[in-house]
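In full-length UniProt numbering, the protein residues as written are 1 to 155. All C-beta atoms in this analysis are idealised placements derived from N, C-alpha and C, irrespective of residue type, glycine included. Fair warning: this is a prediction, and the values are worked out from it, not measured in the lab. Here is the structure we will look at.
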């Protein structure tokens, strides 16, 4: 029997399916399902965040970081702007936006995101989230609300 070969097209399709699942999880405000897309040792980092902002180093870290997200924000719309495939079939650049409500203040929330996502067979291996921390802090009230409400841990 011939051994099965995984092609670049197969890997790219898998990457796209995982990204679709991430976006669907956000649309459902299901942060547990979002975190469940991570590989057990997959990471998430925030290159534009303030010094000391955490780098998440596992699926469990991502789940812990997002555990209170739905008590702070209700996302009503997630719009994919553009998905850029790269030469690496396991990496894509995703441009998207999220609109909803900040629950504490009942004010509108809008954020544009650019994420560089690398996916392996067991889920997200690396997620670099290029969001605007100043806009997030402004939407949520202040930087302390952002840091404490989204699982900040001293690095």
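Which same chain residues, not among the five before or five after residue i, have their C-beta less than 6 Å away from its C-beta?
i           : result
residue 153 : Here residue 153 scores only 44 on pLDDT, less than 50, and its place in the model is too uncertain to base an answer on.
residue 126 : 43 and 118
residue 112 : 97
Considering only residues of the same chain and omitting the five flanking positions on each side of residue i, which have a CB-CB separation below 7 Å?
i           : result
residue 17  : none
residue 120 : 39 and 90
residue 123 : 18, 37, 38, 39 and 42
residue 21  : 37
residue 81  : 95, 96 and 97
From which residue to which residue does the alpha helix (DSSP H) around residue i run?
i           : result
residue 134 : 133-140
Pull the bridge partners of residue i from the DSSP assignment, please.
i           : result
residue 127 : 44 and 117
What alpha helix (DSSP H) runs, 4 residues minimum, are completely inside the UniProt domain "SnoaL-like" (21-123)? 31-36, 59-66 and 69-72
Using 8 Å as the threshold, is the segment 60-75 in touch with the segment 85-94, meaning 3 or more CB pairs across them? no
I'd like to know if the segment 45-59 and the segment 73-81 are in contact, where contact means that at least 3 CB-CB pairs between them fall below 8 Å. no
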